[in-house]
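Asks:
Protein chains: 2
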Amino acid sequence: MSRALDGTDWRILSELQEDGRLSFNQLGRKVNLSAPAVADRVRRLEEAGVIAGYQARIDATRAGLPLTAFIKLRCSPGRCLLTTTASDEYPEVVEIHKLSGSSCTLLRVRAASMPHLEEIFERIGRHGEIDTQIVLSTQYEGRPVAEPPAHTRSAQPSPGWSRAAPARPGEPS
Amino acid sequence: MSRALDGTDWRILSELQEDGRLSFNQLGRKVNLSAPAVADRVRRLEEAGVIAGYQARIDATRAGLPLTAFIKLRCSPGRCLLTTTASDEYPEVVEIHKLSGSSCTLLRVRAASMPHLEEIFERIGRHGEIDTQIVLSTQYEGRPVAEPPAHTRSAQPSPGWSRAAPARPGEPS
DNA sequence: CTTGAAAGAAAGGGCCG
DNA sequence: CGGCCCTTTCTTTCAAG
Numbered sequence: 001m002s003r004a005l006d007g008t009d010w011r012i013l014s015e016l017q018e019d020g021r022l023s024f025n026q027l028g029r030k031v032n033l034s035a036p037a038v039a040d041r042v043r044r045l046e047e048a049g050v051i052a053g054y055q056a057r058i059d060a061t062r063a064g065l066p067l068t069a070f071i072k073l074r075c076s077p078g079r080c081l082l083t084t085t086a087s088d089e090y091p092e093v094v095e096i097h098k099l100s101g102s103s104c105t106l107l108r109v110r111a112a113s114m115p116h117l118e119e120i121f122e123r124i125g126r127h128g129e130i131d132t133q134i135v136l137s138t139q140y141e142g143r144p145v146a147e148p149p150a151h152t153r154s155a156q157p158s159p160g161w162s163r164a165a166p167a168r169p170g171e172p173s
Numbered sequence: 001m002s003r004a005l006d007g008t009d010w011r012i013l014s015e016l017q018e019d020g021r022l023s024f025n026q027l028g029r030k031v032n033l034s035a036p037a038v039a040d041r042v043r044r045l046e047e048a049g050v051i052a053g054y055q056a057r058i059d060a061t062r063a064g065l066p067l068t069a070f071i072k073l074r075c076s077p078g079r080c081l082l083t084t085t086a087s088d089e090y091p092e093v094v095e096i097h098k099l100s101g102s103s104c105t106l107l108r109v110r111a112a113s114m115p116h117l118e119e120i121f122e123r124i125g126r127h128g129e130i131d132t133q134i135v136l137s138t139q140y141e142g143r144p145v146a147e148p149p150a151h152t153r154s155a156q157p158s159p160g161w162s163r164a165a166p167a168r169p170g171e172p173s
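Those protein sequence lines, which keep their order, are chains G and R. At position 34 of the first sequence (counting the first as 1) the number is 34 in our numbering, and the numbers step up by one without a gap. At position 54 of the second sequence (counting the first as 1) the number is 54 in our numbering, and the numbers step up by one without a gap.
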C-alpha cells in the first residue's frame, strides 16, 4: 500500500500541475533533486495512481464553447444519467457528480451558444427535474490540488469510499 | 485573429486532453499527419490560447483529499471571496465561479477529512451566507472538451460574447 | 504537408556515497 | 534513498520536394 506523501512529493505534484511537460531534469532542479531521483518519485506517484495522467488544459471559450452551466438533476428512478453512457450522447457534459441531498446529480456543461445551452437543458431535462445555473465567469478552474494543513489529516472518513476507480482520463476522484 | 478550429484541430485537442505528453510523432500518427505538421498546429493552438497549458491530473482521493464539496456563497458586499486572494488563504478552494441568480459564487473545495471540511465551511462562512453540498462520488471530471454539433454554432447570443468561433450556419466542421 | 537527416535532449541502467 | 556516470533511444527541428 502506498505510504503517505511527503513534502517533496507535494512539491513535485505542485510543479507538475503547473506544467505537466516538465522534464525530469527541469523538475529535479525545481525540487532540488537529481533527475533519476525525481523520475523514481514520479514513477511511484504514477503507479500509486496519485498522478492519474497528463492532459492539455483547454480554454473552452477560445475553443468556441464560451458558456458554462451547472445543472442539478433529480433523476427519475432508472433513467439516471449516471447509469447511461453520458460519454457519446452528451458531449457537452464535462463533469458528473453524485450529490448528497435531494438532487441526484450535479452536471457541468459547456455550450457554444445560448440556443445550444437551451437545447442541452431540454435534452437533459427529459431525465428528471432540473435546476440550472449559468456561470457568468470563472476565476479558478483546475487549480492545483495542494497539500492540506497537517492537522487536517486525522480522522479519515474510511477507506472504501473511493471505488478503486481505474485512473483513466476523465476521472480523477 | 484566429480562424475557427477545423476537425483536425479538434482531434488534436481531444488527443492532447487524453494524453498531454504525446510527442508530435505519436500525435501525428493518431491524426494522420506528419510530425512537423502537427507541431505547427499545436504551436498555433498554443499561441491562440486554445491550449492554455499542460498539467498532471491528480487523483485527489489518492493524494489524501478524498472529500469534495460545492459551496454556494452569497457574499456580503465588499467581503466577496472573488476580490480577495483566495490563492494562499484558501488552498482547499479548487474552483471559483460567479453565478447568475441570487448567490454570488460557487466554490468547489477539496478536503482531507470531515473535520477539515467542517472547518472549511466555517472559515468560508464568514464571508457570507453559504449553502453546502457534499459530493458522494464523481463520475467524470476534467472530461475532454469536445467539438459541439455543427448546428449549435448558429445564433450566437450577441456580438461580443465570444470573440472566437465566428459561427455561421452550414460552416464545415 | 511530406519526407529525410542532423543535432540535441531525455530516459533507463548501473554503481557508489 | 539519492547522486553521478554512461549508453541508447527518441524528439525536435531544419532543409528540400
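All C-beta atoms, glycine included, are put in the ideal place defined by N, C-alpha and C.
#1: Per DSSP, Gly128 of chain G forms a beta bridge with which residues?
#2: With a threshold of 7 Å between beta carbons, is Ala37 of chain R in contact with chain G?
#3: For His97 of chain G, which residues does DSSP report across the bridge?
#4: Between G:Leu27, G:Glu47 and G:Arg143, which has its C-alpha nearest Ile12 of chain G's C-alpha?
#5: Name, going along the chain, the residues of the stretch 16-45 of chain R whose beta-carbon falls closer than 7 Å to a beta-carbon of chain G.
#6: Per the DSSP calculation, Ala69 of chain G is bridged to which residue(s)?
#7: Does the distance from the C-beta atom of Leu65 of chain G to that of Gly128 of chain G stay below 7 Å?
#8: Could you pull out every residue in the same chain whose Cβ sits closer than 6 Å to the Cβ of Val38 of chain G, ignoring the five residues on either side in sequence?
#9: Are Val145 of chain R and Ala111 of chain G closer than 7 Å when you measure CB to CB?
#10: When burial is assigned at 16 or more other CB atoms within 10 Å of the CB, is His151 of chain G buried or exposed?
#11: Quick one: which chain G residues come within Cβ less than 8 Å of His127 of chain R?
#12: Kindly give me the distance between the Cβ atoms of Ser100 of chain G and Gln133 of chain R, rounded to whole angstroms, as I take these residues to be in contact under 8 Å.
#13: What's the C-alpha gap between Asp6 of chain R and Glu147 of chain R?
#14: Could you work out which residue in R:Pro149, R:Val93 and R:Glu18 is closest to Glu119 of chain R when comparing CA atoms only?
#15: Give the DSSP bridge partners of Gly53 of chain R, in chain order.
#16: Give me the Cα-Cα distance between Val31 of chain G and Thr105 of chain R, rounded to the nearest whole angstrom.
#17: Among G:Asp88, G:Thr68, G:Arg21 and G:Cys80, which residue has its Cα nearest to the Cα of Arg57 of chain R?
#18: Which residues mark the beginning and the end of the alpha helix (DSSP H) in which Leu45 of chain R is found?
#19: What's the call for Gly125 of chain R, buried or exposed, on a 16-neighbour Cβ count within 10 Å?
#20: How many angstroms separate the CA atom of Asp40 of chain G from the CA atom of Glu46 of chain G?
#21: Thinking C-alpha only, which one of G:Leu117, G:Val135, G:Glu18 and G:His97 is nearest Ser102 of chain R?
#22: Under the rule that 16 or more other beta-carbon atoms within 10 Å means buried, what is Ser89 of chain G, buried or exposed?
#23: Looking at C-alpha atoms only, which residue of G:Asp131, G:Phe70 and G:Gln55 is the closest neighbour of Asp19 of chain R?
#24: Straight-line CA distance for Arg143 of chain G to Leu117 of chain R?
#25: Might you give, ordered along the chain, the residues of its own chain that have their beta carbon closer than 6 Å to the beta carbon of Leu67 of chain G, omitting 5 neighbours on each side?
#26: Helix, strand or coil: how does DSSP classify Leu16 of chain R here?
#27: For a cutoff of 7 Å on Cβ pairs, would you count Asp59 of chain G as touching chain R?
Replies: Walking through what the data contain:
#1: G:Cys75
#2: no
#3: G:Leu106 and R:Thr138
#4: When C-alpha distances from Ile12 of chain G are compared across G:Leu27, G:Glu47 and G:Arg143, the shortest belongs to G:Leu27.
#5: Leu16, Gln17, Glu18, Asp19, Gly20 and Arg21
#6: G:Val109 and G:Ile134
#7: no
#8: Phe24, Leu27 and Gly28
#9: no
#10: exposed
#11: Near His127 of chain R there are no residues of chain G at all, since even the closest Cβ is about 14 Å away, more than 8 Å.
#12: Between Gln133 of chain R and Ser100 of chain G the Cβ distance is about 7 Å, and since that is below 8 Å, they are a contact.
#13: 9 Å
#14: R:Val93
#15: G:Arg57
#16: 35 Å
#17: G:Arg21
#18: Ala35 to Glu47
#19: exposed
#20: In a straight line, the C-alpha of Asp40 of chain G is about 10 Å away from that of Glu46 of chain G.
#21: G:Val135
#22: Going by the sequence as given, residue 89 of chain G is Glu instead of Ser. Counting Cβ neighbours within 10 Å, Glu89 of chain G comes out exposed, since fewer than 16 surround it.
#23: G:Gln55
#24: Answer to the nearest angstrom: the Cα atoms are 18 Å apart.
#25: So the qualifying residues of the chain are Ala111 and Leu117.
#26: helix
#27: yes
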